[in-house]
Structure formats: structure tokens, C-alpha cells
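*Asks:* There's a structure below that I have some questions on.
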Amino acid sequence: HQKVYRPWGHYISLVEDLRWQVKRIEVKSGAELSLQLHHHRAEHWIVVNGTAKVQINEKLQLLSENQSTYIPVGAKHRLSNPGKIPLVLIEVQSGSYLGEDDIKRFEDNYGRANY
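The opening residue of the sequence shown carries number 8 in the working numbering; numbering runs sequentially from there.
The following block contains the structure:
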């Protein structure tokens with residue numbers, strides 16, 4: 008499994024098929040992913056360690072260990088780690104296309120643009 012580094016932490020793709028993929032995502036304390044959406048995939052996030060602050064469209068929620076949430080195709084979403092320890096979650100993606108270039112960013116703390 009290849010670890011892919013991002014400014015907010017890293018992820019590892021654990022297993023994948025044509026229409027689904029499972030990743031382990033680790034977000035550094037205080038870090039935040041971009042506000043984004045995907046045109047071709049939905050995501051299900053399961054927190055396994057730490058606390059996740061999740062925005063889906065206009066709804067905000069805090070998730071702790073063993074809690075999960077679902078992000079439908081086309082929903083604006085953001086993940087952040089408000090805690091003092093690394094946030095670890097399992098992400099299950101499903102959809103017609105799972106490429107990393109299926110990201111439309113609206114806000115990004117690290118100056119990244121759309122792919």
C-alpha cells in the first residue's frame with residue numbers, strides 16, 4: 008500500500024475495485040481538508056481514532072470513535088480535525104469514477120486549485 012502525503016496528513020488506499028475503494032485517512036491535529044465535492048462518487052467515513060468535524064452542505068457535525076457519516080454524490084463537504092491527537096478514519100468510496108481528479112474545490116487552506 009502506497010502512502011500519499013497531503014498538507015493535512017496522508018492516506019493509504021487499502022483495497023479497490025472498478026466502482027469502490029477503501030482508504031485509511033489520517034488528518035493532523037488542527038488540519039482541514041478543502042471544501043469540495045465529487046461528481047462521480049459518494050463517500051462513507053467511519054472514525055476509528057480521534058474526533059472529526061464534518062461539514063456536509065450546510066450541516067456541521069462532530070463525530071467521535073465508532074461514529075460515521077455518508078456524503079452523497081455532489082454534496083459539498085469538508086473534514087477537519089479539531090482535536091489534539093491525529094484523526095484516523097476509514098473512507099469507503101463508491102461510484103462510476105474514483106479518480107483523484109474528481110474534486111471540485113471551493114475553499115482550500117493550502118492554495119490548491121481544482122484538478
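Just so you know, even glycine gets a beta-carbon here, dropped at the ideal spot from N, CA and C.
Only a predicted model underlies this, so the values are computations on that prediction, with no experimental measurement involved.
Give the C-beta separation of residue 42 and residue 29 to the nearest angstrom, bearing in mind that I take them to be a contact with Cβ-Cβ under 8 Å.
*Replies:* The residue labelled residue 42 in the question sits at position 35 within the sequence shown. The residue labelled residue 29 in the question sits at position 22 within the sequence shown. About 24 Å; that fails the 8 Å criterion.
*Asks:* I'd like the list of long-range same chain contacts for residue 19, defined as Cβ closer than 6 Å, with 5 residues on each side in sequence excluded.
*Replies:* Position 12 of the sequence shown holds residue 19. Contacts found: 8, 10, 31.
*Asks:* For residue 104, which residues of its own chain have a beta-carbon under 6 Å away from its beta-carbon, when the five flanking residues on both sides are left out?
*Replies:* Start at 1 with the first residue of the sequence shown, and residue 104 comes out as number 97. The answer, listed in chain order, is 47.
*Asks:* Which residue marks the beginning of the beta strand (DSSP E) containing residue 80, and which one marks its end?
*Replies:* Residue mapping note: residue 80 aligns to position 73 of the sequence shown, counting from 1. Per DSSP, residue 80 belongs to no beta strand (DSSP E) and is neither H nor E.
*Asks:* Classify residue 12 as helix, strand or coil using the three-state DSSP reduction.
*Replies:* Here the question's residue 12 lines up with position 5 in the sequence shown. DSSP places residue 12 in strand when its eight states are reduced to three.
*Asks:* In whole angstroms, what separates the C-alpha of residue 34 from that of residue 72?
*Replies:* As a working mapping, residue 34 is identified with position 27 in the sequence shown. As a working mapping, residue 72 is identified with position 65 in the sequence shown. Residue 34 and residue 72 have their C-alpha atoms roughly 14 Å apart.
*Asks:* Quick one: what's got a C-beta closer than 8 Å to residue 83's C-beta in the same chain, skipping five residues either side?
*Replies:* Indexing the sequence shown from 1 puts residue 83 at position 76. If we look at residue 83 and ignore the five residues flanking it on each side, its Cβ neighbours are 42, 43, 44, 62, 63, 64, 113.
*Asks:* What does a CB cutoff of less than 6 Å around residue 98 pick up in its chain, not counting 5 residues either side in sequence?
*Replies:* For the purposes of this step, residue 98 is taken as residue 91 along the sequence shown, with counting starting at 1. The residues are 30, 32, 50, 52.
*Asks:* Can you give me the start and stop residues for the beta strand (DSSP E) that residue 56 sits inside?
*Replies:* Counting from 1 along the sequence shown, the entry for residue 56 is found at position 49. It spans 48-56 - the beta strand (DSSP E) in which residue 56 sits, taken as one unbroken run.
*Asks:* Kindly give me the distance between the Cβ atoms of residue 58 and residue 89, rounded to whole angstroms, as I take these residues to be in contact under 8 Å.
*Replies:* Translated into the one-based positions of the sequence shown, residue 58 becomes position 51. Translated into the one-based positions of the sequence shown, residue 89 becomes position 82. Residue 58 to residue 89, Cβ: 6 Å. Contact.
*Asks:* If you count every other CB in all the chains shown that lies within 10 Å of the CB of residue 68, and 16 or more means buried, which is it?
*Replies:* For this step, residue 68 is matched to residue 61 along the sequence shown. Per the 10 Å Cβ criterion, exposed.
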